[in-house]
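> Below you'll find the structure I mean.
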Amino acid sequence: MAASYALVWIDDTTLFIDLIGLMLLQVLSLLPPYEGKSVLELGAGIGRFTGELAQKAGELIALDFIDSVIKKNKSVNGHYKNVKFMCADVTSPDLNITDGSIDLIFSNWLLMYLSDKEVELLVERMVWLDQSWRIHFLPRILLPPIW
Ligand SMILES: C[S@@+](CC[C@H](N)C(=O)[O-])C[C@H]1O[C@@H](n2cnc3c(N)ncnc32)[C@H](O)[C@@H]1O
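Now the structure itself:
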């Protein structure tokens, strides 16, 4: 996993802080329990979260619309046999995901690439979600004060 480090000096002590790792842990800590559940990861990118999600999910679909990106994700996380890698546009009305088949939709740093209208339509089309689960949009994550 690519890491971005910060150097912090506290009382003559130098600390290396893994900023990306911190952010990742912070986001994952906000998720409801998803052990054994079906998870859909939208805008999965090169897989910073895919491997972490795969370790607990029953099944995971990692979706991104850039072919080279989803291939990179697969090269890193393809050993998780519960992960299906899908190259598709989240704004497409023809996404091949069965209605009611998903327990949790996870997405980090995707919505900012979509227009307000696209987000609205995406939420309307989230019928893939088992209705006992809720859609929960988090505000921007809390970054450490050194960010
Ligand atoms: C900033 S990256 C975040 C990647 C990953 N979620 C993370 O937190 O590391 C945004 C990703 O969303 C993908 N993306 C943007 N618009 C998309 C769309 N309409 N459909 C699918 N993927 C999209 C991009 O290709 C990119 O990989």
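Taking UniProt numbering, I'd label the letters of the sequence shown as residues 1 to 147. Quick reminder that beta carbons are idealized off the backbone N, C-alpha and C, glycines included. The structure presented is a predicted model; accordingly, all values stated were derived computationally and were not measured.
By the DSSP assignment, the alpha helix (DSSP H) with E35 in it spans what residues?
Numbered from 1 along the sequence shown, position 35 holds the residue referred to as residue 35. Careful: E35 lies outside any alpha helix (DSSP H) and carries neither H nor E.
> Hey, would you say the C-beta of I66 is under 7 Å away from at least one heavy atom of ligand 1?
Stepping through the sequence shown from its first residue, residue 66 is reached at position 66. Flag set: Cβ of I66 near ligand 1.
> How many Å lie between P32 and S68 at the Cα?
Along the sequence shown, one-based indexing puts residue 32 at 32. Along the sequence shown, one-based indexing puts residue 68 at 68. Those two C-alpha atoms are separated by around 31 Å.
> Taking the alpha-carbon positions, what's the E120 to P93 distance?
If you number the sequence shown from 1, residue 120 lands on position 120. If you number the sequence shown from 1, residue 93 lands on position 93. So the two alpha carbons sit approximately 13 Å from each other.
> Does V127 come out as helix, strand or coil in the three-state DSSP assignment?
In the sequence shown, counting from the first residue as 1, residue 127 sits at position 127. Three-state DSSP puts V127 in a helix.
> Can you tell me which of K37, A44, L25, G58 puts its alpha carbon nearest to the alpha carbon of V90?
The count along the sequence shown starts at 1 and reaches residue 90 at position 90. V90 has its Cα closest to that of A44, out of K37, A44, L25, G58.
> Identify the continuous alpha helix (DSSP H) that holds K74 and give its terminal residues.
Sequence index remark: in the sequence shown, residue 74 carries index 74 (1-based). It spans 67-77 - the alpha helix (DSSP H) in which K74 sits, taken as one unbroken run.
> Have a look at the DSSP bridge pairing and note the partners of V90.
The residue labelled residue 90 in the question sits at position 90 within the sequence shown. Paired residues: none, contrary to the question.
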